[in-house]
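Take a look at the structure below.
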Amino acid sequence: MSGGIVANLRRVANVVVAPFSWTVSAVARPIGHLFAGAVNYSDVVAQNQKLRYELGVAEQHANQAWSLERQAQQLTTQLNVPFIGALSSVAAQVTSLSPTNFSATITISKGRKQGVLVGMPVVANGGLVGIVISSGANASTVQLITDVNSSIGATFGNGSATLIISGNGLNNGLGVTSVPLNDNVAPGTVFSTDGLNGALYPPGLPIATVTKATLTPGAATFDLTLKPTADLRNLTYVDVLLWEPST
Amino acid sequence: MGAFYVRRQLIPAAIATLFVLAIQLVVFSGFRFADVVIMFVWLWPVAMGIAGYTMLSLIVGLVAGVFFDLHSVTPFGLTAAIGMLLGYATSRLGREGVGDLDSAAWWVAPVIAAGAGFVAPLGYTIGGFFALDFQLWRGSVLAMMVVNASAFFIMARPVVRVARAIGRLGEGAIR
Numbered sequence: 000m001s002g003g004i005v006a007n008l009r010r011v012a013n014v015v016v017a018p019f020s021w022t023v024s025a026v027a028r029p030i031g032h033l034f035a036g037a038v039n040y041s042d043v044v045a046q047n048q049k050l051r052y053e054l055g056v057a058e059q060h061a062n063q064a065w066s067l068e069r070q071a072q073q074l075t076t077q078l079n080v081p082f083i084g085a086l087s088s089v090a091a092q093v094t095s096l097s098p099t100n101f102s103a104t105i106t107i108s109k110g111r112k113q114g115v116l117v118g119m120p121v122v123a124n125g126g127l128v129g130i131v132i133s134s135g136a137n138a139s140t141v142q143l144i145t146d147v148n149s150s151i152g153a154t155f156g157n158g159s160a161t162l163i164i165s166g167n168g169l170n171n172g173l174g175v176t177s178v179p180l181n182d183n184v185a186p187g188t189v190f191s192t193d194g195l196n197g198a199l200y201p202p203g204l205p206i207a208t209v210t211k212a213t214l215t216p217g218a219a220t221f222d223l224t225l226k227p228t229a230d231l232r233n234l235t236y237v238d239v240l241l242w243e244p245s246t
Numbered sequence: 000m001g002a003f004y005v006r007r008q009l010i011p012a013a014i015a016t017l018f019v020l021a022i023q024l025v026v027f028s029g030f031r032f033a034d035v036v037i038m039f040v041w042l043w044p045v046a047m048g049i050a051g052y053t054m055l056s057l058i059v060g061l062v063a064g065v066f067f068d069l070h071s072v073t074p075f076g077l078t079a080a081i082g083m084l085l086g087y088a089t090s091r092l093g094r095e096g097v098g099d100l101d102s103a104a105w106w107v108a109p110v111i112a113a114g115a116g117f118v119a120p121l122g123y124t125i126g127g128f129f130a131l132d133f134q135l136w137r138g139s140v141l142a143m144m145v146v147n148a149s150a151f152f153i154m155a156r157p158v159v160r161v162a163r164a165i166g167r168l169g170e171g172a173i174r
C-alpha cells in the first residue's frame, strides 16, 4: 500500500475517530483532574514556589547570557563557523504520546503550515529528542531517539571517532555496540550528533551521556549504555529545528 | 451474489468499537502502568468472543485494529490481525458457554481474558517478523504481557457484559 494511500486513510481515520475521542476526553479529563488535584495539591503548591524562585534566577542569567551571546555571534561571523544557535526553530506542544509500547513517538501541535517537514530534528530539555517522520497540515509525528528504529550518527570528545547510537525501545534508553577499546570512552562522556555529510541531523546536538561501559565478552570492543540528555519522560514543549538533511 | 443484508448488531457494535478506540487513545495511551500501555483495543474483541459472537468479534477486532494502526507507526494491520485472532480463539470457547457470566464460575471469563492479554504482545512481536519488522522484540515484551494480562483480568467481566448487551441487540434480525 503506497505512502499516499495510507496518509489519506490516516486523515480519514482521524476525522472519523475525532468526535469519539473528543467525547471521551470531555468525560475523562475532569475526572482525572479531580483525582490529580486531590492527590497532588500540596506538591503543586511547593512546585509553584520553587518555580517562582527559579524563574527569578533564570531571568538574571538571561541578562548575563545576552551579552555573551552577542560576543559569540560576532566571533562566529568572523570565523565562519556553523553555530547551532543560529538555526531557526518552531516551538510546538506535545499533544499525545505513542499509543503503543512498540513504538516511541510523540505527536506535536505544528505541521506543514508552520514549516515543519519530514526529516527535521526536534530538540527539548537541553538535548536531541527525535526526528519528524510524518507531517500533516497542523500536526506532526516525531520518532523519539529511543525508538527501536532510531539510529543516529554521533561523536564525542574531539570528534575524531564516529559511532551509531541506537534506540532500545520506549523508556529503555540508548545503546552503542562494538566501540573500539582505543576510543577511551568512560561513564559521563557526552555524545553529540556528528553532522557528517549526508547525516540526518546537524552537528553538535547533545544526544546522550554514557552511564555504563561493558567489555564485550570475547571481543576487543565496548558496549555502551547511554542515557538521553533530554528528559523524554517530561516532554511538554519541544523545538523543531528548521533544518533539512542534504540528501 | 447472495442478497446483502445488514445485521442490526453491526451498527451499535461499530459505534461501540469507535468509543473503545477513543478510550484507548485518550485514556489508556496516556495512562501507563509500569511504563506499559494497556491495549484495550485487544480486550474488546476478546470480550465479544467470550460473549459467544464469532463474527462480531472478528469485525470489531478488524475495525478497532485498523483504526488503531492508522494512529500509530507500527506495521499496518498487525494490531487488527492479533485482535481478530484473539477474538476468534476466545469465541470458540464462548460458543461452548465457557465464559458465560451467569452460569460459569466468576473467574472463568477473567482468566480467559488474562490469557489472551498475556499472549497478545508476544503474538504481536512474532507477527512483526512476518511484517518484516525485526525490532519489535527490543521493547519490554514481558512487562507488556504481564500488565495486559492483569488489566484484562480486572476489566473482563464488565466489558463482556457490554459486549453481550450489544450482541443481543440484533439477535432477532439474524436470518
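Respectively, the protein sequence lines represent chains R and X. At position 162 of the first sequence (counting the first as 1) the number is 161 in numbering that gives the first Met the number 0, and the numbers step up by one without a gap. At position 28 of the second sequence (counting the first as 1) the number is 27 in numbering that gives the first Met the number 0, and the numbers step up by one without a gap. A virtual CB, placed ideally from N, CA and C, is assigned to each residue, including glycine. Fair warning: this is a prediction, and the values are worked out from it, not measured in the lab.
Nearest-angstrom beta carbon gap, residue j and residue i [assumed within contact, 8 angstroms]
{"i": "glycine 138 of chain X", "j": "glycine 168 of chain R", "result": "4 angstroms"}
{"i": "leucine 234 of chain R", "j": "isoleucine 105 of chain R", "result": "6 angstroms"}
{"i": "valine 35 of chain X", "j": "asparagine 100 of chain R", "result": "6 angstroms"}
{"i": "glycine 125 of chain R", "j": "alanine 229 of chain R", "result": "6 angstroms"}
{"i": "phenylalanine 18 of chain X", "j": "valine 23 of chain R", "result": "7 angstroms"}
{"i": "glycine 60 of chain X", "j": "leucine 85 of chain X", "result": "7 angstroms"}
Residue i versus residue j: straight-line alpha-carbon distance, rounded
{"i": "threonine 208 of chain R", "j": "aspartate 222 of chain R", "result": "14 angstroms"}
{"i": "isoleucine 153 of chain X", "j": "alanine 46 of chain X", "result": "12 angstroms"}
{"i": "leucine 127 of chain R", "j": "threonine 53 of chain X", "result": "47 angstroms"}
{"i": "isoleucine 58 of chain X", "j": "proline 44 of chain X", "result": "8 angstroms"}
{"i": "aspartate 197 of chain R", "j": "proline 205 of chain R", "result": "It should be noted that the sequence gives glycine, not aspartate, for residue 197 of chain R. Cα to Cα, glycine 197 of chain R sits roughly 19 angstroms from proline 205 of chain R."}
{"i": "glycine 64 of chain X", "j": "tyrosine 123 of chain X", "result": "12 angstroms"}
{"i": "valine 44 of chain R", "j": "valine 38 of chain R", "result": "12 angstroms"}
{"i": "valine 189 of chain R", "j": "threonine 213 of chain R", "result": "17 angstroms"}
{"i": "aspartate 132 of chain X", "j": "alanine 103 of chain R", "result": "15 angstroms"}
{"i": "leucine 199 of chain R", "j": "aspartate 193 of chain R", "result": "10 angstroms"}
{"i": "arginine 94 of chain X", "j": "serine 95 of chain R", "result": "39 angstroms"}
{"i": "lysine 49 of chain R", "j": "leucine 20 of chain X", "result": "39 angstroms"}
{"i": "glycine 114 of chain R", "j": "alanine 115 of chain X", "result": "44 angstroms"}
{"i": "glycine 158 of chain R", "j": "glycine 203 of chain R", "result": "10 angstroms"}
{"i": "methionine 143 of chain X", "j": "lysine 112 of chain R", "result": "37 angstroms"}
{"i": "valine 3 of chain R", "j": "arginine 10 of chain R", "result": "Here residue 3 of chain R turns out to be glycine, not valine, going by the sequence shown. Taking the straight line from one Cα to the other gives about 11 angstroms."}
{"i": "proline 29 of chain R", "j": "valine 14 of chain R", "result": "24 angstroms"}
{"i": "glutamine 46 of chain R", "j": "glycine 172 of chain R", "result": "27 angstroms"}
{"i": "proline 186 of chain R", "j": "tryptophan 21 of chain R", "result": "46 angstroms"}
{"i": "alanine 6 of chain R", "j": "proline 18 of chain R", "result": "20 angstroms"}
{"i": "alanine 35 of chain R", "j": "valine 26 of chain X", "result": "14 angstroms"}
{"i": "threonine 183 of chain R", "j": "valine 16 of chain R", "result": "Just to set this straight, residue 183 of chain R is asparagine in the shown sequence, not threonine. Each residue's Cα considered, the two are about 52 angstroms apart."}
{"i": "serine 41 of chain R", "j": "leucine 33 of chain R", "result": "14 angstroms"}
{"i": "arginine 163 of chain X", "j": "isoleucine 22 of chain X", "result": "19 angstroms"}
{"i": "serine 90 of chain X", "j": "asparagine 170 of chain R", "result": "35 angstroms"}
Same chain, Cβ closer than 6 angstroms to residue i, neighbours up to 5 away in sequence not counted
{"i": "valine 147 of chain R", "result": "Gly166 and Gly168"}
{"i": "glutamate 53 of chain R", "result": "none"}
{"i": "serine 208 of chain X", "result": "The shown model of chain X, from 0 to 174, leaves out residue 208 of chain X, and the question about it has no answer."}
{"i": "alanine 27 of chain R", "result": "none"}
7 angstroms CB neighbourhood of residue i in its chain, flanking five on each side removed
{"i": "valine 62 of chain X", "result": "Ala13 and Thr16"}
{"i": "valine 8 of chain X", "result": "Reading off the sequence shown, one finds glutamine at residue 8 of chain X, where the question assumed valine. The residues are Leu55, Ile165, Gly166, Leu168 and Gly169."}
{"i": "tryptophan 242 of chain R", "result": "Leu86, Met119, Pro120 and Pro201"}
{"i": "methionine 38 of chain X", "result": "Ala119 and Asn147"}
Proximal residues to residue i (C-beta, below 8 angstroms), its chain only, five neighbours per side dropped
{"i": "glutamine 134 of chain X", "result": "Gly127"}
{"i": "arginine 156 of chain X", "result": "Leu100, Trp105, Ala108 and Pro109"}
{"i": "leucine 116 of chain R", "result": "Val131, Ser134 and Glu243"}
{"i": "isoleucine 163 of chain R", "result": "Ser150, Ile151, Gly152, Ala153 and Val175"}
{"i": "glycine 110 of chain R", "result": "Ser134, Gly135, Ala136, Asn137, Ala138 and Ser139"}
{"i": "glycine 247 of chain R", "result": "Residue numbering for chain R in the displayed model covers 0 to 246; residue 247 of chain R lies beyond these limits and cannot be assessed."}
{"i": "aspartate 238 of chain R", "result": "Ser88, Val89, Ala90, Ala91, Val121, Val122 and Ala123"}
Nearest to residue i (by Cα), restricted to the options the options
{"i": "threonine 210 of chain R", "options": "R:Pro227, R:Val239 and R:Arg111", "result": "R:Pro227"}
{"i": "threonine 176 of chain R", "options": "R:Ala219, R:Ile105, R:Ser102 and R:Ala17", "result": "R:Ala219"}
{"i": "valine 72 of chain X", "options": "R:Glu243, R:Val141, R:Ala229 and R:Gly217", "result": "R:Val141"}
{"i": "leucine 195 of chain R", "options": "R:Leu86, R:Pro244 and R:Trp21", "result": "R:Pro244"}
{"i": "proline 74 of chain X", "options": "X:Ala162, X:Ile125 and X:Met144", "result": "X:Ile125"}
{"i": "glycine 51 of chain X", "options": "X:Ala88, X:Leu141 and X:Ala21", "result": "X:Ala88"}
{"i": "leucine 240 of chain R", "options": "R:Ser159, R:Ser88 and R:Asn47", "result": "R:Ser88"}
Beta-carbon proximity check, residue i vs residue j, cutoff 8 angstroms
{"i": "alanine 25 of chain R", "j": "tyrosine 236 of chain R", "result": "no"}
{"i": "serine 191 of chain R", "j": "threonine 154 of chain R", "result": "yes"}
{"i": "leucine 225 of chain R", "j": "glycine 174 of chain R", "result": "yes"}
{"i": "alanine 112 of chain X", "j": "phenylalanine 151 of chain X", "result": "yes"}
{"i": "glycine 107 of chain X", "j": "alanine 33 of chain X", "result": "Here residue 107 of chain X turns out to be valine, not glycine, going by the sequence shown. Contact: no."}
{"i": "leucine 8 of chain R", "j": "threonine 145 of chain R", "result": "no"}
{"i": "alanine 12 of chain R", "j": "leucine 69 of chain X", "result": "yes"}
{"i": "isoleucine 107 of chain R", "j": "valine 93 of chain R", "result": "yes"}
{"i": "phenylalanine 117 of chain X", "j": "alanine 80 of chain X", "result": "no"}
{"i": "isoleucine 49 of chain X", "j": "valine 159 of chain X", "result": "yes"}
{"i": "leucine 24 of chain X", "j": "proline 98 of chain R", "result": "yes"}
{"i": "leucine 77 of chain X", "j": "alanine 130 of chain X", "result": "yes"}
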